[in-house]
Amino acid sequence: MFEKASNKYNIGDLARSLGIRDEEVDFFGKYMGKIDYHILQRLQDRPDGKYIDVTAVTPTPFGEGKTVTTIGLGMALNKQGFKTVNTLREPSMGPVFGIKGGGTGGGKSSLFPMEQINLHFTGDIHAVETATNLLAAVVDNHISQGNELDIDPQSISWRRTMDVEDRSMRKLTIQLTEKKDGVKTETSYETGFDIAAASPIMAIMGLTTGFEDLHERLSEIVVARSRNGASVTVADLRATGGLAAVLKDAIYPNLVQTEEGTPSFVHIGPFANIAFGNNSVLSDRIALKLGDYVVTESGFGADMGFEKLMDIKLRQAGMKGPDCVVIVATVRALKMHGGAFSVRPGKKLDPALVSAVNMPALELGCENLRVHIENIRSYGLPVVVAINRFPDDTAEEVAMVQAKALQFGALAAVPHTFFVDGSEGGLELARAVQEVASTSHVGAIHYPYELTDTIEDKMRKLVRTIYRAGDIELTPVAVERIKEFTAAGYDKWPICMAKTHLSISHDPDVKGAPSGYLFPIRDIRAATGARFLYPLGGTMQTMPALSKVPAMVNIDVTGDGVITGLR
Numbered sequence: 007m008f009e010k011a012s013n014k015y016n017i018g019d020l021a022r023s024l025g026i027r028d029e030e031v032d033f034f035g036k037y038m039g040k041i042d043y044h045i046l047q048r049l050q051d052r053p054d055g056k057y058i059d060v061t062a063v064t065p066t067p068f069g070e071g072k073t074v075t076t077i078g079l080g081m082a083l084n085k086q087g088f089k090t091v092n093t094l095r096e097p098s099m100g101p102v103f104g105i106k107g108g109g110t111g112g113g114k115s116s117l118f119p120m121e122q123i124n125l126h127f128t129g130d131i132h133a134v135e136t137a138t139n140l141l142a143a144v145v146d147n148h149i150s151q152g153n154e155l156d157i158d159p160q161s162i163s164w165r166r167t168m169d170v171e172d173r174s175m176r177k178l179t180i181q182l183t184e185k186k187d188g189v190k191t192e193t194s195y196e197t198g199f200d201i202a203a204a205s206p207i208m209a210i211m212g213l214t215t216g217f218e219d220l221h222e223r224l225s226e227i228v229v230a231r232s233r234n235g236a237s238v239t240v241a242d243l244r245a246t247g248g249l250a251a252v253l254k255d256a257i258y259p260n261l262v263q264t265e266e267g268t269p270s271f272v273h274i275g276p277f278a279n280i281a282f283g284n285n286s287v288l289s290d291r292i293a294l295k296l297g298d299y300v301v302t303e304s305g306f307g308a309d310m311g312f313e314k315l316m317d318i319k320l321r322q323a324g325m326k327g328p329d330c331v332v333i334v335a336t337v338r339a340l341k342m343h344g345g346a347f348s349v350r351p352g353k354k355l356d357p358a359l360v361s362a363v364n365m366p367a368l369e370l371g372c373e374n375l376r377v378h379i380e381n382i383r384s385y386g387l388p389v390v391v392a393i394n395r396f397p398d399d400t401a402e403e404v405a406m407v408q409a410k411a412l413q414f415g416a417l418a419a420v421p422h423t424f425f426v427d428g429s430e431g432g433l434e435l436a437r438a439v440q441e442v443a444s445t446s447h448v449g450a451i452h453y454p455y456e457l458t459d460t461i462e463d464k465m466r467k468l469v470r471t472i473y474r475a476g477d478i479e480l481t482p483v484a485v486e487r488i489k490e491f492t493a494a495g496y497d498k499w500p501i502c503m504a505k506t507h508l509s510i511s512h513d514p515d516v517k518g519a520p521s522g523y524l525f526p527i528r529d530i531r532a533a534t535g536a537r538f539l540y541p542l543g544g545t546m547q548t549m550p551a552l553s554k555v556p557a558m559v560n561i562d563v564t565g566d567g568v569i570t571g572l573r
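When the letters of the sequence shown are read in order and numbered with my numbering, they come out as residues 7 to 573.
Spelled out as C-alpha cells, the structure:
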C-alpha cells in the first residue's frame with residue numbers, strides 16, 4: 007500500500023508551499039490530498055500564471071512521451087526558480103491493465119505515488135462509474151414501477167460503465183417487466199457497458215465549475231424518450247440530488263507531486279477520442295492562481311486533445327488560451343508517418359526496424375508535424391516543438407526535425423531526455439518555453455468555427471481546417487440528427503469529433519498528412535449536460551478490450567506489499 011518516499015513532501019507541506027491552507031485540504035494519507043475548490047474565492051484577485059499546453063504529433067499506439075514531457079517540463083521550470091504546477095488527467099485503470107499501461111509518466115519523469123494514482127487513487131473514477139450505473143438502475147426501476155413518464159424502453163440511450171477493459175460487456179440485452187395501470191408486460195432493450203472514462207458524467211465533471219453548475223448539468227442529461235417523443239431527463243426522474251451526492255467528493259481536484267516534488271493536480275479523465283480529452287476546469291483554475299507557470303496536457307495529437315481544449319473546455323469555461331503550446335514529437339513517430347514501418351496496437355515491432363536511420367521517411371513524416379504546427383498557429387498561439395529523444399536517435403535525425411519544425415513556424419525546437427535524466431534532461435527546453443510564454447501576447451482566439459454556425463457548417467469547417475479534409479459526407483441518420491438537435495436547441499453547442507487518434511483523418515491506417523478526402527459522419531450524438539455534440543467519424547469503440555498479453559500479466563505484489571510491474 008505504501009510507496010517508498012524518503013525524499014518526498016508530506017501532502018500538507020506540499021500544499022502549504024503553494025499557499026494552500028490546511029483547512030482547504032482533505033488528506034488521503036501522507037502523499038495525496040483533495041483541494042477545496044472554494045479556494046478560488048480567496049484567490050480571486052490574484053493574477054493568473056502563465057498557461058502552457060503540451061500536445062503531440064499524431065502518435066504511434068505506444069505513445070510518444072507526452073506525459074513524460076509534461077511532467078518533466080514542470081520539474082525543469084520549477085528547478086529554474088519558477089513556481090510551477092502540473093495539471094493532468096487521472097489514469098483509467100482499464101488501460102493500466104491493458105496495452106497502454108499507466109498514465110503517470112515514466113522513468114525519472116513521473117508522478118508520485120505512482121501505484122496509487124494508477125489504481126484506485128482518491129476514488130473519483132469509481133464515483134463516476136457508480137453515478138453512471140445508479141442512473142441506469144433508476145431508469146430501469148422507473149419502468150418497472152409504473153412508468154409514469156411513459157418511457158419507451160427501445161429509446162433508452164444511457165449505458166452502464168466499468169473501469170475495466172471487457173469486450174464481453176459491449177452488448178447486452180436488459181430484460182424488464184413494465185408495470186403500467188396494473189398490467190405487467192415483459193419487455194427488453196439493447197444496451198451495454200462503456201469504459202468509465204467514456205461516461206458522459208466524466209465529461210461533465212471535467213467541465214463543471216462547482217456544485218450549482220454540476221446540479222444544472224446533471225439535470226439536463228437526456229436518458230431516453232417517452233412514447234410520444236418527449237425527452238426524458240435526470241430532472242424528470244428526480245435523480246439529480248442523488249447523483250450529485252455520489253459525486254460530491256470527486257468534484258475536488260487531487261494534489262500529488264512529481265518524483266522531484268513539483269506540485270501536480272491530477273483530476274478527472276475523459277478520453278480524447280470520444281470526449282474532450284483534458285483534465286478538469288477546476289484544477290486548471292486553481293493551479294493558475296497558485297503557480298507562476300501551469301503545464302497541462304491534452305490527450306493524443308493536436309488534432310484531438312488540443313483542438314478540444316480550445317473549442318470546448320476553455321471556450322465553455324471562458325478561460326484564456328495557452329501562452330505557449332508545446333508539440334511533442336519523436337523521430338520514431340515521424341519515420342512511421344513517412345512509411346518506414348507500420349505499427350499495430352498489440353503487435354510486436356522489430357526494434358532494429360524502428361531504430362534504423364531512414365532520412366527520406368523522416369523528412370516525409372515531418373509533414374505530419376507541419377499540419378499540427380499550422381493548426382495551432384491558426385488559433386493565434388505560439389508553438390515550441392519538444393523532441394522526446396530516444397537512445398537510438400542520431401544527431402542527424404534530431405537536427406532534421408529541429409530544422410523542419412522551425413521551417414514550419416515553431417519558435418523553437420529542442421530535444422529532451424526527461425525520462426532518463428529528470429529535470430536535468432530538459433533545462434534548455436524549459437528555457438525556450440519560458441521565454442516564449444513570458445513574451446507572448448495571446449490576443450483573441452481564432453476558432454475554426456463560430457458557435458452560431460449551423461451544426462453542418464461547424465463540422466465542415468472543423469474537418470477542413472484541422473483534419474484537412476475536402477468535405478464531410480453525411481449519412482441519412484446524421485442528417486436526421488442535425489434536424490433533431492437543431493429543433494432541440496443544441497445547434498449552438500461546440501463539436502467534439504469522435505474519431506481515431508492514430509491518424510489526422512478518420513481512418514487509422516492513413517498516416518502522414520492526408521488532405522482533400524471525404525470525412526464520413528455516420529451519426530451524431532448529444533452529450534447533454536456536457537453541452538457538446540459528438541459526431542461519429544468512423545467506427546469508435548467505447549469499451550476497449552484486453553490484448554492477448556495484457557500489461558496485467560506483469561503486475562504483482564511482493565510479500566511486503568510492494569506493487570511491481572506497473573508501467
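Here a beta-carbon is modelled for each residue, glycine too, at the ideal position from N, C-alpha and C.
For residue i, name the three-state secondary structure that DSSP assigns.
{"i": "residue 248", "result": "helix"}
{"i": "residue 520", "result": "coil"}
{"i": "residue 237", "result": "strand"}
{"i": "residue 473", "result": "coil"}
{"i": "residue 270", "result": "strand"}
{"i": "residue 138", "result": "helix"}
{"i": "residue 126", "result": "coil"}
{"i": "residue 422", "result": "strand"}
{"i": "residue 9", "result": "At residue 9 the pLDDT is 46, less than 50, meaning the model places this residue with poor confidence; the figure from the coordinates comes in the next sentence. The answer is coil: DSSP assigns residue 9 none of H, G, I, E or B."}
{"i": "residue 2", "result": "The structure shown does not extend to residue 2, since the chain is modelled only from 7 to 573, so the question has no answer here."}
{"i": "residue 502", "result": "coil"}
{"i": "residue 23", "result": "helix"}
{"i": "residue 554", "result": "coil"}
{"i": "residue 355", "result": "coil"}
{"i": "residue 390", "result": "strand"}
{"i": "residue 465", "result": "helix"}
{"i": "residue 542", "result": "strand"}
{"i": "residue 89", "result": "coil"}
{"i": "residue 284", "result": "coil"}
{"i": "residue 320", "result": "helix"}
Does the Cβ-Cβ distance between residue i and residue j come in under 8 Å?
{"i": "residue 158", "j": "residue 231", "result": "yes"}
{"i": "residue 70", "j": "residue 334", "result": "yes"}
{"i": "residue 131", "j": "residue 96", "result": "yes"}
{"i": "residue 540", "j": "residue 502", "result": "yes"}
{"i": "residue 2", "j": "residue 123", "result": "With the chain represented from 7 up to 573, any question about residue 2 goes unanswered, as that position is not in the structure."}
{"i": "residue 59", "j": "residue 304", "result": "yes"}
{"i": "residue 344", "j": "residue 359", "result": "no"}
{"i": "residue 49", "j": "residue 295", "result": "yes"}
Taking residue i as the reference, give the member of the options with the closest Cα.
{"i": "residue 414", "options": "438, 385, 379", "result": "379"}
{"i": "residue 211", "options": "554, 537, 545, 544", "result": "537"}
{"i": "residue 553", "options": "168, 75, 85, 101", "result": "101"}
{"i": "residue 186", "options": "255, 149, 16", "result": "149"}
{"i": "residue 466", "options": "525, 388, 548, 505", "result": "525"}
{"i": "residue 138", "options": "481, 383, 203, 453", "result": "203"}
{"i": "residue 281", "options": "507, 559, 23", "result": "507"}
{"i": "residue 196", "options": "184, 426, 215, 176", "result": "176"}
{"i": "residue 428", "options": "33, 84, 36, 44", "result": "84"}
{"i": "residue 81", "options": "491, 302, 135", "result": "302"}
If you draw a straight line from the alpha carbon of residue i to that of residue j, how long is it in whole angstroms?
{"i": "residue 114", "j": "residue 348", "result": "29 Å"}
{"i": "residue 246", "j": "residue 496", "result": "21 Å"}
{"i": "residue 477", "j": "residue 410", "result": "28 Å"}
{"i": "residue 269", "j": "residue 488", "result": "44 Å"}
{"i": "residue 40", "j": "residue 424", "result": "28 Å"}
{"i": "residue 117", "j": "residue 248", "result": "33 Å"}
{"i": "residue 551", "j": "residue 199", "result": "12 Å"}
{"i": "residue 420", "j": "residue 272", "result": "26 Å"}
{"i": "residue 504", "j": "residue 542", "result": "5 Å"}
{"i": "residue 112", "j": "residue 395", "result": "14 Å"}
{"i": "residue 401", "j": "residue 462", "result": "47 Å"}
{"i": "residue 201", "j": "residue 23", "result": "36 Å"}
{"i": "residue 9", "j": "residue 27", "result": "With a pLDDT of 46 at residue 9, under the threshold of 50, the predicted position of this residue should be treated as unreliable, though the coordinate-derived value follows. Computed Cα separation, rounded: 25 Å."}
{"i": "residue 323", "j": "residue 190", "result": "47 Å"}
Give me the Cβ distance between residue i and residue j, rounded to the nearest whole Å; I'm assuming they're in contact under 8 Å.
{"i": "residue 527", "j": "residue 484", "result": "5 Å"}
{"i": "residue 442", "j": "residue 330", "result": "5 Å"}
{"i": "residue 390", "j": "residue 433", "result": "So it is not a contact: roughly 14 Å between Cβ atoms."}
{"i": "residue 63", "j": "residue 374", "result": "5 Å"}
{"i": "residue 167", "j": "residue 297", "result": "Not confirmed; about 33 Å, so no contact."}
{"i": "residue 572", "j": "residue 108", "result": "6 Å"}
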